[in-house]
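These notes concern the structure reproduced below.
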Amino acid sequence: MGGEASTARIVVGVDGSEASIEALRQAQSLAVPLGAQIEAVAYWEFPQVYGGYVAMGIDDFEEGAGQVLKESLEKAFGPGLPDNVVSRVVRGQARESLIEASREADMIVLGRRGHGGFGGLLLGSVSSACVAHAHCPVLVVHAPEKK
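Going by the UniProt record's numbering, the sequence shown opens with residue 1, and the numbers climb by one from there.
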């Protein structure tokens, strides 16, 4: 992973789902022995515009994505981030943004399915697109089974 002079970079897509929280944990289990940095990223977009109007009652999408990211990191790692983890919130579609991020990453780690609507799919649309089009290896992680 990565060159001798640079630290390996693992990008983790976070949407608040149990699978994305497990993706954070699995990325960390790989990052520690490799000396890699984890970049946990939550993506957000404005809703579709209908007839010139943005959906009413929805204020700060970026703040909401930031809150989801913060809560996911706390669930994955407890209070306080590990030293090798950085987080950021990015405006853009997750699928396209992760594929673009894969150009500079050494690995992408994603949950098998996020909060999308088609529960019968083997992979979610974001993870499927990344597996097919990313420029680096992609690890797809299952959510832990509920007991």
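Note that CB positions come from ideal geometry on N, CA and C, so glycine has one too.
What's the C-alpha gap between Glu62 and Arg91?
-> 7 angstroms
Beta carbon of Val11 nearer than 8 angstroms to that of Ser20 | no
Determine, using beta carbons only, whether Gln93 and Glu45 come nearer to each other than 8 angstroms.
-> yes
Whose C-beta lies closer than 7 angstroms to the C-beta of Cys136 among residues of the same chain, with five residues either side of it excluded?
-> Ser102, Ala105, Asp106, Met107 and Ile108
According to DSSP, what are the bridge partners of Gly111?
-> Val141
Please determine if the region 20 to 30 and the region 73 to 82 are in contact, where contact requires at least 3 C-beta pairs separated by less than 8 angstroms.
-> yes
Near Val89, which residues of its chain fall below 7 angstroms by C-beta distance, leaving aside the five closest residues on each side in sequence?
-> Ala42, Trp44, Glu62, Ala65, Gly66 and Leu69
Measure the alpha-carbon distance for Ser72 versus Thr7 and round it to whole angstroms.
-> 24 angstroms
Consider the Cβ of Ser128: report whether some Cβ of chain C lies at a distance smaller than 8 angstroms.
-> The question asks about chain C, but that chain is absent: this structure has only one protein chain.
Hey, quick one: how far does the alpha helix (DSSP H) through Gln28 stretch, first residue to last?
-> Glu18 to Leu34
Inspect the beta-carbon positions of Arg95 and Ala143 and report whether they are closer than 8 angstroms.
-> no
Got a sec? Which residues, its chain only, sit under 7 angstroms from Ser97 by beta carbon, not counting five neighbours each side?
-> Tyr43 and Val90
Unbroken beta strand (DSSP E) run spanning Ser87, endpoints = Val85 to Arg91
Just curious, the alpha helix (DSSP H) that Ala65 is in, first and last residue?
-> Phe61 to Phe77
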